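Participant: In this text, residue positions in the sequence shown follow the UniProt record's numbering: the first is 1, and each later residue adds one.
Virtual Cβ for every residue (Gly too), placed ideally from N, Cα, C.
Quick caveat: nothing in here was measured; it's all calculated off a predicted structure.
One structure coming up, written as structure tokens, with questions to follow.
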Amino acid sequence: MSDEAHFLLRGHVNKQNSRFWGTQNPQLIHETSLHPLKTTVWCGIHAGNIIGPYFSENDQGVAVTFTPERYQDMIRNFLVVEMAEQELGDICPKSQMLEDVLKNALKRAESCIANRGHHLADKIIQS
């Protein structure tokens, strides 16, 4: 199991759905870059061990999105090395926690499927 995610670095919040109306033009300009700074992170779980995180960056340390070439490079130069360094008997101390989180997520997914997208009667997150 693996996944990648984008994390915005400036606390950017998408406010496109927020509109404020007034009787006068406040003559304010709020400039922001079209593409905020972000980083792309990959992480995997294999045999109960966490592999990663892997930050997708170019040679200057600037975050870049995964392309097929970058993904292959990550597999060859990071993933294979990380998996080779993990011993078979080595158990991650957080593996039980991750297993519990996965079981809870599967229960929530089953509830969503059973309710066919309708409101869930009980709470979703259980401790």
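1. What's the gap between the Cα of N58 and the Cα of I29?
2. Check the C-beta distance from residue 213 over to F55 and give it rounded, since I have them as a contact under 8 Å.
3. How big is the Cα-Cα spacing for E82 and Q72?
4. V41 by DSSP, collapsed to three states: which one?
5. With a threshold of 7 Å on Cβ separation, who are the neighbours of residue 131 within its own chain once the five nearest residues in sequence on each side are excluded?
6. By how many angstroms is the C-alpha of L79 removed from the C-alpha of A109?
7. State the Cα-Cα distance for the pair N77 and N115, rounded to the nearest angstrom.
8. Work out the CA separation of L34 and A47 for me, nearest whole Å.
Facilitator: On the basis of the coordinates in this document:
1. 33 Å
2. There is simply no residue 213 to check, as the chain begins at 1 and stops at 127 in what is shown.
3. 15 Å
4. Reduced to three states, the DSSP call for V41 is strand.
5. An answer regarding residue 131 cannot be provided, because it is not within the stretch 1 to 127 covered by the chain.
6. 29 Å
7. Answer to the nearest angstrom: the Cα atoms are 44 Å apart.
8. The alpha-carbon atoms of A47 and L34 are separated by roughly 41 Å.
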